[in-house]
Every structure is written in C-alpha cells, then in structure tokens.
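Read the structure below first, then the notes.
Protein chains: 2
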Amino acid sequence: MGRVTIRDVAERAGVSTATVSRALSGARPVSPSVLETVTRAADDLGYSGNGIASALRRSRTDTVGMVVPSIANPFFTALVEGVEHALQQAGRQLFLCSSRSDPDLEAQRLRSLVARQVDGIVISPVHGIRSREALAWATGQLPLVQVDRYVAGVDSDWVGVDDDLALRLVVDHLADSGVTSAAFISSTLTNSSTELRVAGFTEHTARRGIAVRDVLLGEYSIAWGREAMQRLVAAGPLPDAVVCADDLIALGVLQACAAAGVAVPADVLVTGFDDIPYAALSDPPLTTVRQPQDDIAEEAVRLLSAALGPHRAPPARSALAPSLVVRASTGVSASG
Amino acid sequence: MGRVTIRDVAERAGVSTATVSRALSGARPVSPSVLETVTRAADDLGYSGNGIASALRRSRTDTVGMVVPSIANPFFTALVEGVEHALQQAGRQLFLCSSRSDPDLEAQRLRSLVARQVDGIVISPVHGIRSREALAWATGQLPLVQVDRYVAGVDSDWVGVDDDLALRLVVDHLADSGVTSAAFISSTLTNSSTELRVAGFTEHTARRGIAVRDVLLGEYSIAWGREAMQRLVAAGPLPDAVVCADDLIALGVLQACAAAGVAVPADVLVTGFDDIPYAALSDPPLTTVRQPQDDIAEEAVRLLSAALGPHRAPPARSALAPSLVVRASTGVSASG
DNA sequence: CACGCCTTGGCAATCGATTACACGGATGGT
DNA sequence: ACCATCCGTGTAATCGATTGCCAAGGCGTG
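Just so you know, the protein sequences line up as chains A and B, in that order.
Per UniProt numbering, the first sequence runs over residues 1 to 336.
Per UniProt numbering, the second sequence runs over residues 1 to 336.
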C-alpha cells in the first residue's frame, strides 16, 4: 500500500530528502541532472507524497470546506459546482458537507472542518439564530464566507441575492397580470433569505394593493409544496396567485394542482424561486426568479481568497441582482 | 486564530501532553480528578485539536473520498446523500469530488484523495477504458469500491444495479403495451452501465420482436435528450417508443416533444432510468426504472468498511434489482 | 513485613514533509 | 591573485498529536 515516502525517493536518487522536496515542489531550484534523477526515482517508486504531513508542516491544506443545508436541492448543487469550479482554478480542493438543515449537525461539520485544518469555509447557514454560535466560533478560527443566507451578528463576508428586489419583480409581474390576491408558501426556517422573502412579499403586495390570503410555512421541499397546496385547495376559494419561496415548493404546488384538477395558470398563477433546471420542464413550465449562482459562487471564492491573504478587510456584504424568468405558469397556457 | 495546541492545554492543566491526549481521547483511563482538570482546561482554551497532526500520527483520517461524474445529476446526489448518511453512522466523514465526466480530472481527484490519506474511496468511474489506469493505481493504494458503473480489470468491489434486468422490465412493459419499434438514446461514454443498457435494449427488443430504429449517443443531460429527440422528429416517422438511458435525457426528450407538438404517450411512449424526484413532475410524468440508491449506498459503505478491516476478501460484485415505475409517459394520458 | 501486580502519569520517539541555517565550490569583479 | 557572491545541497529542527516504554505509588497477598 501507499507507503513510499520521500525518504525512499531520496535514497533511490542518492540525495537528501530536502533536495527531493525542493525538486518536486519547485520551492527552490535544483540542478537539472538532480531534477531528472529525482523525478525518475519518484516515478519509478510511484511516489505520491503525503498531503497530511505536508499540511502539518506548512499549516495549510489548500482545501476549503463548504457546508450546505442539502445537496439534493438543485439550487445548492449548482452553487457547489460553481464554487468547486472557481476553487479549482485557484488550485484548491473542495471539502463538501451537508448539514441536512440541522443546526446541530451543522455545528458538528464546522468543528470537523476546523479540526481538519481547511484553509477557509463557505457556508449557507441553516438557521438565523441556532446557527449563530457555531458560526461565530468558526469565524474566529478561520476565514469564512456566508452564501445565499446569512446569520446576523457573525463577523464574516456574505454574498447572495437581493431578495427584496426578487420579490419586487415577482409581485410586480403578478400585479401587472391582474392578480389581486395571493398566498405565499415558504419554510419555517428563520434565516435571512427566508425572512427577507416573506418581508418582500408582504411589502410589495401591500404596495401594489394585492390582498395577502395566506402565508404557509413548512420546509424547502416538493412534499411540503404539495401539502401546502392541498391545504389551500381544501380551505376554499383560491387566491389569484401562489408565490413560492423556492422552486421545489413550487413544483410540489404544481403537482398538487394537477392532482386536484386546478388549472395553472387559468385558475391560479404560480411562481417559484431559484430557476433550477427542472423549473422549465414542469407542467406547466414555471415562472421563477433566476439567481446568478455562478456569480455568487465566484464572488464567494474571491472573497475567501482575499480573506486568506495577509490583511484583514472589514466584512463585505454583496447582494447580487436576480432576474425574472416568465414561463407558462403565470402566462397564457402553452400546453393547453 | 485556532492556534491552541495540546501543549497549551497540558500546561494549563499542569499535566503532560500524553495525559491530555489520553484524557480527551479516552485511549487509556486517567484519574477522575485529572480528567476533570483537563476537560476544563480544554474548554477554557477552546481547544479543538489538530486533525492533521492526529491523522499523521495515527495514519488514518476517518474520512472517505467519493468521486462522482456530476453532482448536478440527481441520481448521483441521491447516491452521495446515501453514502454520507451511512458513513456518518460509522463515525466517518465524506470528502466529495466531482470528476465532471472527465477522466483526466478524475485521475487528478484520485491522486489528490490518496495524497490526503483518505481511508478509502467510493467512486463511480467515468469511462470504461480511460478511467482504468488511475483506478487501478488507486486500488493498489487503498480500499476502493466502485458504484453504479464499473471498470473491468480493476481489482475492486462493485455495487450497482442489474442493468440487464432493468432493460428487460422496460422492454417487456413496452412490448406489452403494443410497441413494435423503438429508439434508444444514451451516452457515448463507454462504461459498464452505459454499455449494459444498450446491450440489454438490443437483446430484449430482439427477444420481444421490437424493431430497433435508432441508437443515439450523446451525454447524460437534458440538453442532449432534447437535441436527440429533435433529430428523431426531423428524421421522419417516429418509432412507437423512445427508451432513454437516464431520466435527464428523458426529460429533455419530453421537452422536445412538447415543443414539436408530439403528444406523449399518444404519438410516442417515453421511458427514463433512475427515477429522480423530477421524473414524477414532468409533463407527462415519466415511466422509469427505480434504482435502489439507498441500498446501493449502504452496501458500498458496508463493503468499504469490510475492506478497511484486517483481512482481504476477494472483490465482491453485487447487482441489486431495480423496479419499474409506470407513469403516464407510457400509459393512458392522465393530463389530457 | 516483604514482594509483586496494577494503575496512572511522564519522557521521548515517531509519523512524513518542509525549511532555516550552514557550508563548499564556482563565479565574477577589481 | 584575492575576496565577495551566489548557487546547490545537506543537516537537523519543526509542525502537533499519539503511544511504547518506564517509573512511582497504591494495593493485596503470602
């Protein structure tokens, strides 16, 4: 098994371990002949180095940790892909963890990442309050960037979407389509984006004179969207529109509508949030808010790289602008 | 920053580092009073240990690496979640990498994981031939389990689905529905599952007397499914059924059908493979093959744990049985 | 009372790579 | 011809935790 060490290489090449290290890492120049000898010896032996030992000595791992509430949610997988891509170009690896929307598990993941000496952390925190302690602790240990959601009172960078603007786009679009009453389906989680979306919904519906019929809170899942819509259907006359805090919920809503014989958009308009790939494939295709995921990911990595540098900058918050993608769920029925 | 070491704790508690290590890890008993003192000192200082140093000394990281072709594909995310869950119960962490369906990137990931001294690797290899070298090398370094797909000639465990049985289920269902001609849309990748699915399609259509009209190869994506279906539509009379090698392709096919005014299932039947969550939400809902992902994940972790133990067992191959989920894309139209 | 076992804690080696420091030889300038 | 550099290389300390070995003290037994 992989037990060939730098010492073995040094012996075979007839040089010291220091020279081998320098030859292979290029930290300092070695003579061409020695370089050749060492490289060949390493190849012959199948030397692959011991990243652990290297990390211990250099006290950096060239690895950043990422913690997301769910890797099954396509929004987060897109974010993860973006971050991984951006990191790769900086020569770093990504260590991915899922907190399963559980603050305790999240705290455990953070401890684990810190113990493993990752160079920095990108996290989308689960809960506005119950995530705070672990997050504040981790922020004291190493550079940390929050993405999408943020926990107030933690002294770290954040990059995400402008939720207020997003709901302004949605509500204006609905109002312009003649909607006069609406329900909102979201999650019980109290975190920044969830709360800002409710707040934005409330504010902008008020501004446009749309009556708020219901605000149903559950979780970010297809199942919850389905259940919430079933409740709305059972409760009596439907609002003109159902606004969902993410696309998974909206997909569940559409499914429940189909099952209950409610026509979308004829009987009710439905909107989502995130523009996951499946939002365009539903029946009907979903009007939703597109998040600039790649930009968010890139910016997060940029901020993290900056924080890994020498000087400490004050925490940055950047809210990127979303855009509205109008599809059949709020327009004329294309599938008829 | 996190620079409190075991030495600091030892000093504050007035004992040796050896005692601190033993007190905190429980490797050997310490007296109750010392345990108390040490625990308090560690808490006071916020000591969190240095996993890197520990890993170097113990030469294990309690971490396993996982490499998948894509984390955007819901099938793999489900697999990843299953593996993570199973590992967590064994007290291990998951280090997740994406190979982006690129054998070179895959090789790089494998090298990186080996250098980081993960205890074992779970991988769904990209390519039946171009993945072999890196996989064989890694298998020589540490325990490795292949999932879903496998590369022949690598001496490792494998767990996946019975692809032949899966296509038997699909083709029998289609034949029983009166289909007499069919096309197959898959990926150009030459790996076990891709090839076994084509082989199964060919074999079972022949057995049931279904004419094979086309076999289109591209990649596992919605975009390719869409494009392939456009080609079929443009090429002339459609076959009775279109069988897809995964659900993403099938979703793309459905989208292309909708765009081209081809009615599913009235004009053509469509089937997928994997039963991702979005397969039930498409228009129409997709008939597909359900993979026992959780069982695959659990079995993979079980095999890995076994391989981490003392004795070497011969490589195991286990093909788990899939099941057919029949929905509207091959049945009577429910959405009308 | 004497002897040996068992428990508990410390000393120091160890894991494998990196790097500060030192040294010898070659080079170039005056 | 002599001295100052500079380049390439080796020696050994270092990163932080774990653990083999040993010693001291407590206890029970003959």
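Cβ atoms here follow ideal geometry from the backbone N, Cα and C, with glycine treated the same way.
| Query | Result |
| --- | --- |
| Minimum Cβ-Cβ distance from A/E298 to chain B less than 7 Å | no |
| Residues sharing a beta bridge with A/D157, DSSP | A/V145 |
| B/G252 in three-state terms, based on DSSP | helix |
| Within-7 Å CB hit, A/I249 to chain B | no |
| Sequence-distant residues of the same chain with beta carbon closer than 6 Å to A/V145, five excluded per side | V122, D157, A300, L303, L304 |
| Identity of the residues DSSP links to A/Q93 by a beta bridge | A/T63 |
| heavy atom of the ligand ADP below 6 Å from A/N50 C-beta | No copy of the ligand ADP occurs in the structure displayed, which carries no ligand at all. |
| CA-to-CA distance, B/W137 to B/S335, given in whole angstroms | Summary for B/S335: the model assigns pLDDT 41, below 50, so the residue's position carries little reliability, and this model does not support an answer. |
| Collapsed DSSP secondary structure at A/F201 in the structure displayed | helix |
| DSSP-derived helix/strand/coil call for A/I52 | helix |
| Backbone secondary structure at B/L238 - three-state DSSP | coil |
| Reduced DSSP secondary structure (H/G/I, E/B, other) of A/T37 | helix |
| Any C-beta of chain A under 7 Å from that of B/I52 | yes |
| 8 Å CB neighbourhood of A/A120 in its chain, flanking five on each side removed | In the sequence on display, residue 120 of chain A carries Gly and not Ala. V64, G65, L142, P143, L144, V145, L304, A307, L308. |
| Distance CB(B/V38)-CB(B/A13) smaller than 7 Å | yes |
| Nearest residue (CA-CA) to A/A263, options A/D246, A/D275, A/V242 | A/V242 |
| Buried versus exposed, by CB contacts within 10 Å (16 or more), B/G82 | buried |
| Residue-chain proximity (B/S129, chain A), Cβ-Cβ < 7 Å | The sequence shown places Ile at residue 129 of chain B, rather than the Ser named in the question. No - not a single Cβ of chain A is within 7 Å of the one on B/I129. |
| A/S333 to B/D162 span [Cα, whole Å] | Below a pLDDT of 50, predicted positions are generally treated as unreliable, and A/S333, at 49, falls in that range; the measurement from the model is reported next regardless. A/S333 and B/D162: Cα-Cα distance of roughly 41 Å. |
| Proximity of A/L251 and A/S282 at Cβ, strictly below 7 Å | yes |
| Sequence-distant residues of its chain with Cβ nearer than 7 Å to A/S187 (five each side left out) | T194, L217, G218, E219, Y220, A245 |
| Chain B contact for A/Q89 (CB, 7 Å cutoff) | no |
| Contacts of A/F95 in chain B (Cβ-Cβ under 7 Å) | F95 |
| Simplified DSSP state of B/L308, which is helix, strand or coil | helix |
| Sequence-distant residues of the same chain with beta carbon closer than 7 Å to residue 337 of chain A, five excluded per side | Residue coverage of chain A in this structure runs from 1 to 336, which leaves residue 337 of chain A outside it and unanswerable. |
| DSSP three-state assignment for B/D295, whether helix, strand or coil | helix |
| Local conformation of B/S335 per DSSP, three classes | With a pLDDT of only 41 at B/S335, under the threshold of 50, the placement of this residue in the model should not be trusted, and no figure is reported. |
| Chain-ordered chain A contacts of B/V80 [CB-CB under 7 Å] | I71 |
| Minimum Cβ-Cβ distance from A/Q255 to chain B less than 7 Å | yes |
| Pairwise C-alpha distance: A/V170 and A/A211 | 15 Å |
| Sequence-distant residues of its chain with Cβ nearer than 7 Å to B/V325 (five each side left out) | D275, T287, T288, R290 |
| Continuous alpha helix (DSSP H) stretch holding residue 340 of chain B: start and end | Missing from the structure shown is residue 340 of chain B; chain B here goes from 1 to 336 and no further. |
| Terminal residues of the alpha helix (DSSP H) in which A/L269 lies | Taken as a continuous stretch (DSSP letters only), A/L269 belongs to no alpha helix (DSSP H), being part of the beta strand (DSSP E) at 269-271. |
| One or two residues paired with A/C244 in a DSSP bridge | A/I185 |
| Member of A/L196, A/L174, A/E133, A/V126 whose CA lies at the smallest distance from the CA of A/R208 | A/L174 |
| Cutoff 7 Å: B/G336 Cβ touching any chain A Cβ | Residue placement at B/G336 is flagged as unreliable, the pLDDT there being 35, under the threshold of 50; a coordinate-derived value is accordingly withheld. |
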